[in-house]
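Novice: Take this structure, written in structure tokens, and hold onto it; I'll ask about it next.
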Amino acid sequence: MQTQNCHSSFRFLRSEVIESLNIEMAEYEHQQTGARHYHIAADNEENVFLVAFRTVPMDSTGVAHMLEHTALCGSKRYPVRDPFFMMTRRSLNTFMNAFTSSDWTAYPFASQNRKDYFNLLDVYLDATFFSRLDPLDFAQEGHRMEFSDAGNPDSPLVYKGVVLNEMKGAMSSAVSTLYQTLGKHLFPTTTYHYNSGGDPECITDLSYDELLEFYRSHYHPSNAVFMTFGDIAVEELQSRFDAQALAQFERLDSHIQVTDEKRLHAPIRVEEAYALDEEDLSGKTHHVMGWLLGQSIDLEAQLRAHLLSRVLLDNSASPLRHALESSELGSAPSPLCGLEDSNREMSFMCGLEGSDPQHAEAFEKLVLDTLNEVAENGVPQEMLEAQLHQLELSQRELSGDGYPYGLNLIMSSISAGIHNGDPIAVLNLDPVLEKLREDIKQPDYIQSMVQELLLDNAHLVRLSLRPDKQLASRRDAAEAAQLEAIRAQLSDAEKQQIIAQTEALEARQMQEDDESILPKVGISDVPTEMKIPQPQVQLQQPLALEAYAQGTNGLVYQQLIIDLPALDAQERRLLPLFTHCLTELGCGARDYKQNQQYQSQVCGSIGAYTEVRGAIDNEQQVSGFLVLSGKALASKQQELVDLMHETLNEARFDEFKRLREIVAQTRTRKEQSITGQGHALAMTAAVARMSPAAQLGHESRGLESIRFIKSLDASLKDDSVLAQLAAQLEGIKQKLQGAPRRFLLVGDADQQDSMQQQMQARWQDVPVSADFSAFALEPVRESVRQLWTTSTQVNFCAKAYPTVPVEHEDSAALTVLGDFLRNGYLHRAIREKGGAYGSGAGQDSSDAVFRFFSYRDPRLAETLDDFDGSIRWLLDTPQDPQKLEEAILGVVSSIDKPGSPAGEAKQAYHSALFGRTAAQRRAYRQRILAVTLDDLSRVAQRYLTGDNASIAVVTNPAGAAKMGEGYEVIAI
1 MQTQNCHSSF RFLRSEVIES LNIEMAEYEH QQTGARHYHI AADNEENVFL
51 VAFRTVPMDS TGVAHMLEHT ALCGSKRYPV RDPFFMMTRR SLNTFMNAFT
101 SSDWTAYPFA SQNRKDYFNL LDVYLDATFF SRLDPLDFAQ EGHRMEFSDA
151 GNPDSPLVYK GVVLNEMKGA MSSAVSTLYQ TLGKHLFPTT TYHYNSGGDP
201 ECITDLSYDE LLEFYRSHYH PSNAVFMTFG DIAVEELQSR FDAQALAQFE
251 RLDSHIQVTD EKRLHAPIRV EEAYALDEED LSGKTHHVMG WLLGQSIDLE
301 AQLRAHLLSR VLLDNSASPL RHALESSELG SAPSPLCGLE DSNREMSFMC
351 GLEGSDPQHA EAFEKLVLDT LNEVAENGVP QEMLEAQLHQ LELSQRELSG
401 DGYPYGLNLI MSSISAGIHN GDPIAVLNLD PVLEKLREDI KQPDYIQSMV
451 QELLLDNAHL VRLSLRPDKQ LASRRDAAEA AQLEAIRAQL SDAEKQQIIA
501 QTEALEARQM QEDDESILPK VGISDVPTEM KIPQPQVQLQ QPLALEAYAQ
551 GTNGLVYQQL IIDLPALDAQ ERRLLPLFTH CLTELGCGAR DYKQNQQYQS
601 QVCGSIGAYT EVRGAIDNEQ QVSGFLVLSG KALASKQQEL VDLMHETLNE
651 ARFDEFKRLR EIVAQTRTRK EQSITGQGHA LAMTAAVARM SPAAQLGHES
701 RGLESIRFIK SLDASLKDDS VLAQLAAQLE GIKQKLQGAP RRFLLVGDAD
751 QQDSMQQQMQ ARWQDVPVSA DFSAFALEPV RESVRQLWTT STQVNFCAKA
801 YPTVPVEHED SAALTVLGDF LRNGYLHRAI REKGGAYGSG AGQDSSDAVF
851 RFFSYRDPRL AETLDDFDGS IRWLLDTPQD PQKLEEAILG VVSSIDKPGS
901 PAGEAKQAYH SALFGRTAAQ RRAYRQRILA VTLDDLSRVA QRYLTGDNAS
951 IAVVTNPAGA AKMGEGYEVI AI
């Protein structure tokens, strides 16, 4: 790797080979502007780019967030209305997005195709450094006023805007409100005091001129950090950076930087409210304590703080987590438990949810008593060693199943780059881990850390966030009163200006841009081959076992895949709880705390889940499996084999108090998840009666599962019901013990023989029941019309039609149709015009359904009309073949998106388990490439124009009332 050979416009500063990750990372400076560039050279064809700017707002108008949106709406070289979304469909990208953090804004993308990579690079550089920032884009993406009856100046004024609705949705979450409110008090004077995404009550205060000024002062090369990953030569990258952007700027003397927070001299205790539209507010209060720690760029201090956080909170054996989980003061530990290390200064947080306001003092005493106990008596040495083992494992793992692997590395180090720390050191933790390994041998190591960082630290905030069922209506009333006051003061000319802006924005949204000025790839650029890992070993005897030799950097991945047995309706509903409890309760002679501690010593993770899917040619015929999955360092593989065997055969369901805690925690988590994944929950509800697997999904992870866990939690006050639950879970375990099983192993090539031998030795003599009865579900195919109500400021709409499974000749066309409708109609109608944060459509061939959805949507019936309007548009309007190619590219890029080495092997195995073999997947991909416009019209007419659609909407009670008759209204 030749990292020192940089472009002449840059100056090489340093480089370091990081052997544990098989990369070399180098730092460069652009000589003219001072822009920093960090390049991670790797033998990986998925190249990644990111440019980030330090963005330090000093109010909660969301200026940085709004700028992130509007910067992507047209630029100097690409003066089209929406180049970002246009490029998502003219590209083979494996990732495209933009992020607004608390003190930086970043624009990343990734691609495996060199031509595509440089196309995207040109667009991203122009968008960020030469953004057009049209006032109408500010009105669309940020905020604007319109008359509710668009051309009628006597009708009420309303606020609209994508960011406004996005943040109304985000701040409908109690956890988001909790995080922002704690930050406000923990950071009284710096940028973290404010909501960088924007407080819905402040967003409308931002002016267009203020947005322009923020852009001019922040989006400059002198304030930029470039980060890249992959196998493209650094000189080639820097040549583009310089020619396309940097050479046109001079160095700025001003330095944008967050300062250290002014320290509190004594703890503060505050109580605030959040909006919750429910009658019963008991058990809905959050308590949290937060301490401000040292600078995050001090790597040794950061790793020490991580170790302390893990020791205190990692699992149920950790002293602080155990105290929170077992306390009667609340139902579950807060999602805010842990270390926040992305800001300039770190903070440590812990808390309880499901509490009441009067428990604030008792909660604080519980936390401080626990910390004092640790400061006085410490923790077992094996707990410290186990958590250091976890840090080492997380350093070695090659991730990449969510974000691209290179982007994961970049995101791990970006905070250090932004705060003038050392991003290279962040990725090379081995030296610091070695020092920690010696440090923890000191007899009072953890005690002194607890004392120094927490107990003797006066910069402490205790926050209690209580529910207020009138808060949302008061806010709505205040907004309406504000708008009415504005309207009353408007002159006739000002009213006409509002109408004119509305008309101008609508005209802009409807205009057809010349997209040909944007670069593109075509079908001819699509790789002919689809890369699918093949197993090195496939055995049927003595075990059904497959092993994949993948470069996993010294980790081993083991899975036990068990055929689901016949289960009754109640057992099926309990499956998600069973899989959660399987690794959270005691095992054999170990109680649950001892088991959690043992797990952390042996492996990186162990968990269970179920997967149920329809057949590739018949969605009504399902098969299902329970998967017990674990990963560990290769040196611990025998212990992991033994642990997985013990977990299936010796898991204990006799710890009743712990079982009740798990149910309460599960209820709390599910209730908190609604506004964050409302679109997914709405779609799951819409398809619930269209296939057996879809119905099971609705009952096990959808809205119906929330209702079920709430009912179950309430019933467990009765000890006899709790005992009955434990017996039912034990019964499921016994059924699984006799079920047919198979094994999946993934690891480095030199680990293959030992992995197989150890697995066979442990399992080959374990019998399978002779009278096993296989899992089955009754066929179902009917529609629903449902309104699910909860406390939310925005809506989530879904509509679904029954279609065909993946092997049907029409499934490929329906899959392409989803991207085609989103690109050509839904994005414009629902996001740009309607103001929703997101929308889309797609075929789910496992359930044989086609689904429309909207996300954080201010509208209801109008959005459902837009779903239908997209089909009329398709059938009644001449369509452009270029748009078909774009839709096909989008589907193929999602199919070809790479994962981690272990993730790709697991995907190949589990796809084949359900009939989606490598040959089937490759053939399906070829069918995607062959779809025509006639195919789209034919399948839309055939499947998406009837009266057999299902509708499911997540909204608030007022929204449900607006929808009128003909719907089943269900309170979540």
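First residue of the sequence shown: 1, per UniProt numbering; consecutive thereafter.
Backbone N, C-alpha and C define an ideal beta-carbon position, used for all residues, glycine too.
#1: Is it the case that the Cβ atoms of His218 and Phe53 are separated by a distance below 8 Å?
#2: Give me whichever residues DSSP pairs with Tyr609 in a beta bridge.
#3: Output yes or no for whether 8 Å exceeds the beta carbon distance between Ala110 and Asn47.
#4: Over what stretch of residues does the beta strand (DSSP E) that includes Cys337 continue unbroken?
#5: Excluding the five sequence neighbours on either side, which residues of its own chain have a C-beta within less than 6 Å of the C-beta of Gly378, listed in chain order?
#6: Under the rule that 16 or more other beta-carbon atoms within 10 Å means buried, what is Ser413, buried or exposed?
#7: Let's see if you can read the secondary structure: which residues bound the alpha helix (DSSP H) around Phe85?
#8: How is Gly230 classed by DSSP in three states: helix, strand or coil?
#9: So, using beta-carbon positions, are Asp748 and Gly903 closer together than 8 Å?
#10: Let me know if Pro565 comes out buried or exposed under the rule of 16 or more other beta-carbons within 10 Å of its beta-carbon.
#11: How big is the Cα-Cα spacing for Gln597 and His39?
#12: What residues in its chain sit with their C-beta under 8 Å from that of Phe743, if we drop five residues either side in the sequence?
#13: Below 8 Å, how does it come out for the stretch 430-449 and the stretch 364-378: are there three or more Cβ pairs, yes or no?
#14: Residues in its own chain within less than 7 Å of residue 978 by CB, not counting five upstream and five downstream?
#15: Which residues mark the beginning and the end of the beta strand (DSSP E) in which Phe796 is found?
#16: In three-state DSSP terms, what is Pro333?
#17: Are there 16 or more other CB atoms within 10 angstroms of the CB of Phe772, so buried, or fewer, so exposed?
#18: Rounded to whole angstroms, what is the Cα-Cα separation between Glu364 and Lys657?
#19: Can you find the residues in the same chain that come closer than 6 Å, C-beta to C-beta, to Ala800, ignoring five residues on each side of it along the sequence?
#20: Could you tell me whether the stretch 923-943 touches the stretch 798-816, using the rule of 3 or more Cβ pairs below 8 Å?
#21: Since Val721 is in the alpha helix (DSSP H), which residue starts that stretch and which ends it?
#22: Might you give, ordered along the chain, the residues of its own chain that have their beta carbon closer than 8 Å to the beta carbon of Gly701, omitting 5 neighbours on each side?
#23: Return the CA-CA distance between Asn795 and Arg466, expressed in angstroms with no decimal places.
#24: Rounded to the nearest angstrom, how far is the Cβ of Lys636 from that of Val602, given a contact under 8 Å?
#25: Does DSSP put Val954 in a helix, a strand or coil?
#26: Under a Cβ-count criterion, where at least 16 other Cβ atoms within 10 Å of its own Cβ denotes burial, should Thr932 be classed as buried or exposed?
#27: With distances taken Cα to Cα, identify the nearest neighbour of Leu787 among Arg741, Gly964 and Arg921.
#28: With a CB to CB cut of under 6 Å and the five nearest residues on each side skipped, what residues in its chain are close to Asp866?
#29: Please classify Ala714: is it buried, with 16 or more other beta-carbons within 10 angstroms of its beta-carbon, or exposed?
#30: Quick check: Arg77 and Phe129, are their CB atoms within less than 8 Å of each other?
#31: Reducing DSSP to helix, strand and coil, say where Thr649 ends up.
#32: Taking only runs of the beta strand (DSSP E) that begin and end inside the stretch 781-842, which ones reach a length of at least 3 residues, in chain order?
#33: How long is the line joining the alpha carbons of Gly738 and Pro898, rounded to whole angstroms?
#34: According to DSSP, Phe852 sits in a beta bridge with which residue or residues?
#35: Asp242: buried (16+ other C-beta within 10 angstroms of its C-beta) or exposed?
#36: Distance, Cα to Cα, Asn387 vs Ala301?
Specialist: Once the coordinates are examined:
#1: Working through the sequence shown from its first residue, we reach residue 218 at position 218. Working through the sequence shown from its first residue, we reach residue 53 at position 53. Contact flag set, yes.
#2: One-based indexing of the sequence shown puts residue 609 at position 609. Val627.
#3: The residue given as residue 110 occupies position 110 in the sequence shown. The residue given as residue 47 occupies position 47 in the sequence shown. Contact: yes.
#4: Here residue 337 refers to the residue found at position 337 of the sequence shown. Premise fails: Cys337 is in no beta strand (DSSP E) and is neither H nor E.
#5: By one-based count along the sequence shown, residue 378 stands at place 378. Answer for Gly378: Ile446 and Gln447, listed in chain order.
#6: As a working note, residue 413 is residue 413 in the sequence shown. Flag for Ser413 reads buried.
#7: Along the sequence shown, one-based indexing puts residue 85 at 85. Start and end: Pro83 to Thr88.
#8: Against the sequence shown, residue 230 aligns to sequence position 230. Reduced to three states, the DSSP call for Gly230 is strand.
#9: Residue mapping note: residue 748 aligns to position 748 of the sequence shown, counting from 1. Residue mapping note: residue 903 aligns to position 903 of the sequence shown, counting from 1. Taking 8 Å as the Cβ cut-off, Asp748 and Gly903 do not qualify as a contacting pair.
#10: Working through the sequence shown from its first residue, we reach residue 565 at position 565. The residue is buried, with at least 16 neighbouring Cβ atoms inside 10 Å.
#11: If you number the sequence shown from 1, residue 597 lands on position 597. If you number the sequence shown from 1, residue 39 lands on position 39. Near 39 Å, if we compare the C-alpha coordinates of His39 and Gln597.
#12: Position 743 of the sequence shown, counted from the first residue, corresponds to residue 743. Within the same chain, Cβ atoms closer than 8 Å to the Cβ of Phe743 are found at Leu543, Ala544, Leu545, Glu546, Gln558, Gln559, Leu560, Ile561, Met759 and Trp763, the five residues on either side in sequence being excluded.
#13: yes
#14: Summary: the structure shown does not reach residue 978, with the chain confined to residues 1 through 972, and so no result is reported for it.
#15: Translated into positions along the sequence shown, residue 796 becomes position 796. Run containing Phe796: Phe796 to Pro802, per the beta strand (DSSP E) assignment.
#16: Locating residue 333 in the sequence shown gives position 333, counting from the first residue. It is a strand residue.
#17: Locating residue 772 in the sequence shown gives position 772, where the first residue counts as 1. Result: exposed.
#18: If you number the sequence shown from 1, residue 364 lands on position 364. If you number the sequence shown from 1, residue 657 lands on position 657. If I take the Cα positions, the gap works out to 23 Å.
#19: Numbered from its first residue, the sequence shown carries residue 800 at position 800. Here the set comprises Ala686, Val687, Val849, Arg851 and Ser950.
#20: Put simply, the stretch 923-943 touches the stretch 798-816. At least three CB pairs are less than 8 Å apart.
#21: If you number the sequence shown from 1, residue 721 lands on position 721. Note, Val721: alpha helix (DSSP H), Asp719 to Gln737.
#22: As a working note, residue 701 is residue 701 in the sequence shown. For clarity, residue 701 is Arg in the given sequence; the question names Gly instead. The answer, listed in chain order, is Pro576 and Thr684.
#23: Taking the first residue of the sequence shown as 1, we reach residue 795 at position 795. Taking the first residue of the sequence shown as 1, we reach residue 466 at position 466. Asn795 and Arg466: Cα-Cα distance of roughly 24 Å.
#24: Here the question's residue 636 lines up with position 636 in the sequence shown. Here the question's residue 602 lines up with position 602 in the sequence shown. Between Val602 and Lys636 the Cβ distance is about 6 Å, and since that is below 8 Å, they are a contact.
#25: Along the sequence shown, one-based indexing puts residue 954 at 954. If DSSP states are grouped into helix, strand and coil, Val954 belongs with the strands.
#26: Numbered from 1 along the sequence shown, position 932 holds the residue referred to as residue 932. Exposed: under 16 other Cβ atoms inside 10 Å.
#27: Indexing the sequence shown from 1 puts residue 787 at position 787. Ranking the options by Cα distance to Leu787, first place goes to Gly964.
#28: The residue you call residue 866 lines up with position 866 of the sequence shown. Excluding sequence neighbours, Asp866 sits near Ala829 and Ile830.
#29: In the sequence shown, the residue the question calls residue 714 occupies position 714. Counting Cβ neighbours within 10 Å, Ala714 comes out exposed, since fewer than 16 surround it.
#30: Taking the sequence shown and counting its residues from 1, one reaches residue 77 at position 77. Taking the sequence shown and counting its residues from 1, one reaches residue 129 at position 129. No, they are not a contact pair.
#31: By one-based count along the sequence shown, residue 649 stands at place 649. Thr is not the amino acid found at residue 649; the sequence shown has Asn there. In the structure shown, Asn649 sits in a helix (DSSP, three-state: H, G or I).
#32: The beta strand (DSSP E) runs of length 3 or more contained entirely in the stretch 781-842 are, from start to end of the chain, 785-789 and 796-802.
#33: The residue you call residue 738 lines up with position 738 of the sequence shown. The residue you call residue 898 lines up with position 898 of the sequence shown. Going from the Cα of Gly738 to the Cα of Pro898 covers about 36 Å.
#34: On the sequence shown, position 852 is the one that residue 852 refers to. Phe852 pairs with Lys799 and Ala841.
#35: In the sequence shown, counting from the first residue as 1, residue 242 sits at position 242. Classification of Asp242: buried, given that the 10 Å Cβ count is 16 or more.
#36: The residue labelled residue 387 in the question sits at position 387 within the sequence shown. The residue labelled residue 301 in the question sits at position 301 within the sequence shown. Inspection of the sequence shows that residue 387 is occupied by Gln rather than by Asn. Distance between the alpha carbons of Gln387 and Ala301: 16 Å.
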